[in-house]
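A.B. asks:
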Amino acid sequence: MHQLISPPGGQFADPASLESLAAVYAYPDQVNHGRPWLRANMVAGLDGGARLDGLSEGLSGSADKRIFGVLRALSDVVLVGAETVRAEGYRPALARAEFAGARQAAGQAPAPAIAVVTRSLGLDLAAPLFTEPLVRTVVITTEDAPGESRAAVAEVADVIVAGRGSVDLRAAVAALADRGWTRMLTEGGPRLLGQLAAAGLLDELCLSLAPLITAGDAPRIIHDAEMPDVQRMRLVSLIEQKGFLFTRYLRPPTP
0 MHQLISPPGG QFADPASLES LAAVYAYPDQ VNHGRPWLRA NMVAGLDGGA
50 RLDGLSEGLS GSADKRIFGV LRALSDVVLV GAETVRAEGY RPALARAEFA
100 GARQAAGQAP APAIAVVTRS LGLDLAAPLF TEPLVRTVVI TTEDAPGESR
150 AAVAEVADVI VAGRGSVDLR AAVAALADRG WTRMLTEGGP RLLGQLAAAG
200 LLDELCLSLA PLITAGDAPR IIHDAEMPDV QRMRLVSLIE QKGFLFTRYL
250 RPPTP
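Residue numbers for the sequence shown follow numbering that gives the first Met the number 0, beginning at 0 and rising by one.
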């Protein structure tokens, strides 16, 4: 694995080690002062497709999985859409022994919570995501979500109500930050990521580019969202391994 562009601060690290990757992908200091930072982690093929055979798994590789694990290990909460939870068979985040000391020192739980965004509450409540989490799963829904379904979800997960008709993502992010979860990570899918970007909530994009041309009708990593304006990002880190490119882009600071 080769690092082609240094992380902020200009210090080159050894991206083959978990410690070095953690340094490259460290959250900014604002998270220690109650101000949330939302990063996205996505994978795409060379032609922009975000899925292969219906899943993102087909685009992944060993280095991508390694970085995926580091990003989770650094975060307080993983924000994900219900469609992705169902399609990818989401499970609870695991505690990583290599990060246990750092998480404890930062006042974090042993593993990040998973927060599922859903309007319909169409979730399998018997799945491990709800029966086996180290940190209780959170479900973010709307005021007008079905009452019986909401009561059932509340038995196995914490429920955050944000918005009516559709989930108010600004309110949802604020509610997560109120819990002290300022190190936020979203893994999409494409529709949720589009909504977050359109709401101006996306601070950072970690995009893994697989050396594959997939064609087909897979969505892009941001799908079905109207952006009020083009959002410019700046490249701060670039890692290469076996043709895979692992990019890290930040939103420029507000003047």
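Each residue gets a CB set at the ideal place from its N, CA and C atoms; glycine is no exception.
#1: Looking at the secondary structure, which residues open and close the alpha helix (DSSP H) in which Gly80 lies?
#2: Would you mind working out which of Ala94, Pro35, Gly53, Thr213 sits nearest Ala174, comparing C-alpha positions?
#3: If you reduce the DSSP assignment to three classes, tell me which class Glu18 lands in.
#4: Buried or exposed for Leu234, please, with buried defined as at least 16 other CB atoms from any protein chain shown within 10 angstroms of its CB.
#5: Name the DSSP bridge partner or partners of Ala43?
#6: Could you pull out every residue in the same chain whose Cβ sits closer than 7 Å to the Cβ of Ala170, ignoring the five residues on either side in sequence?
#7: Nearest by alpha-carbon distance to Gly48: which of Asp63, Ile221, Thr136 is it?
#8: Which value, in whole angstroms, describes the spacing of the CA atoms of Gly144 and Ser16?
#9: Beta strand (DSSP E) containing Leu234: first to last residue?
#10: With H, G and I counted as helix, E and B as strand and the rest as coil, what does DSSP make of Arg190?
#11: Return the CA-CA distance between Ile66 and Ile159, expressed in angstroms with no decimal places.
#12: Near Asp202, which residues of its chain fall below 8 Å by C-beta distance, leaving aside the five closest residues on each side in sequence?
#13: Taking Phe67 as part of the alpha helix (DSSP H), name the residues at either end of that continuous run.
#14: Run through DSSP, which three-state label would Ala114 get?
#15: Would you decide whether Gln29 is buried or exposed? Buried here means 16 or more other CB atoms lie within 10 Å of its CB.
#16: Which same chain residues, not among the five before or five after Arg247, have their C-beta less than 6 Å away from its C-beta?
#17: Can you find a heavy atom of the ligand NAD that lies under 8 Å from the Cβ of Val30?
#18: Put Gln10 into one of helix, strand or coil per three-state DSSP.
#19: Do Gly80 and Gly199 have their beta-carbon atoms positioned less than 9 Å apart in this structure?
#20: How is Glu142 classed by DSSP in three states: helix, strand or coil?
C.D. replies: Once the coordinates are examined:
#1: Taking the first residue of the sequence shown as position 1, residue 80 is located at position 81. For Gly80, there is no enclosing alpha helix (DSSP H); the enclosing beta strand (DSSP E) has its first and last residue at 76–80.
#2: Numbered from 1 along the sequence shown, position 175 holds the residue referred to as residue 174. Its Cα nearest to that of Ala174, the residue Pro35 stands out among Ala94, Pro35, Gly53, Thr213.
#3: Here residue 18 refers to the residue found at position 19 when the sequence shown is read from its first residue. Glu18: helix per DSSP, three-state reduction.
#4: For the purposes of this step, residue 234 is identified with residue 235 of the sequence shown, where counting begins at 1. With fewer than 16 other beta carbons inside 10 angstroms of its own, Leu234 counts as exposed.
#5: Taking the first residue of the sequence shown as position 1, residue 43 is located at position 44. Looking at the DSSP assignment, Ala43 forms a beta bridge with Leu208.
#6: On the sequence shown, position 171 is the one that residue 170 refers to. Within the same chain, Ala170 has close Cβ partners Ala161, Gly162.
#7: Numbered from its first residue, the sequence shown carries residue 48 at position 49. Gly48 has its Cα closest to that of Ile221, out of Asp63, Ile221, Thr136.
#8: By one-based count along the sequence shown, residue 144 stands at place 145. By one-based count along the sequence shown, residue 16 stands at place 17. The question names Gly, but residue 144 in the sequence shown is Ala. Each residue's alpha carbon lies about 45 Å from the other.
#9: Your numbering for residue 234 matches position 235 in the sequence shown. Leu234 -> beta strand (DSSP E) spans 233–240.
#10: Here residue 190 corresponds to residue number 191 of the sequence shown, with the count starting at 1. Looking at Arg190 - three-state DSSP - the assignment turns out to be helix.
#11: Taking the first residue of the sequence shown as 1, we reach residue 66 at position 67. Taking the first residue of the sequence shown as 1, we reach residue 159 at position 160. Ile159 has its alpha-carbon roughly 29 Å from the corresponding atom of Ile66.
#12: Sequence index remark: in the sequence shown, residue 202 carries index 203 (1-based). Excluding sequence neighbours, Asp202 sits near Trp36, Leu37, Arg38, Leu249, Arg250.
#13: To locate residue 67, count along the sequence shown from 1; it is residue 68. Counting along the chain, the alpha helix (DSSP H) containing Phe67 begins and ends at 61–73.
#14: One-based indexing of the sequence shown puts residue 114 at position 115. Of the three classes helix, strand and coil, the one that applies to Ala114 here is strand, per DSSP.
#15: As a first step, residue 29 is located in the sequence shown; it is residue number 30 there, counting from the start. Residue burial is scored here from C-beta neighbours: Gln29 has fewer than 16 other C-beta atoms within 10 angstroms and is therefore classed as exposed.
#16: Reading the sequence shown from its first residue, position 248 is the one you call residue 247. Beyond the five residues adjoining it in sequence on each side, Arg247 comes within less than 6 Å, by CB distance, of Cys205, Val235, Ser236 in the same chain, given in chain order.
#17: With respect to the ligand NAD, the structure shown offers nothing to examine, as it has no ligands at all.
#18: In the sequence shown, the residue the question calls residue 10 occupies position 11. The predicted position of Gln10 is uncertain, since its pLDDT is 48 and thus under 50; no value can be drawn from it.
#19: If you number the sequence shown from 1, residue 199 lands on position 200. If you number the sequence shown from 1, residue 80 lands on position 81. In this structure, Gly80 does not lie closer than 9 Å to Gly199 by Cβ.
#20: Here residue 142 is taken as the residue at index 143 of the sequence shown, counted from 1. Of the three classes helix, strand and coil, the one that applies to Glu142 here is coil, per DSSP.
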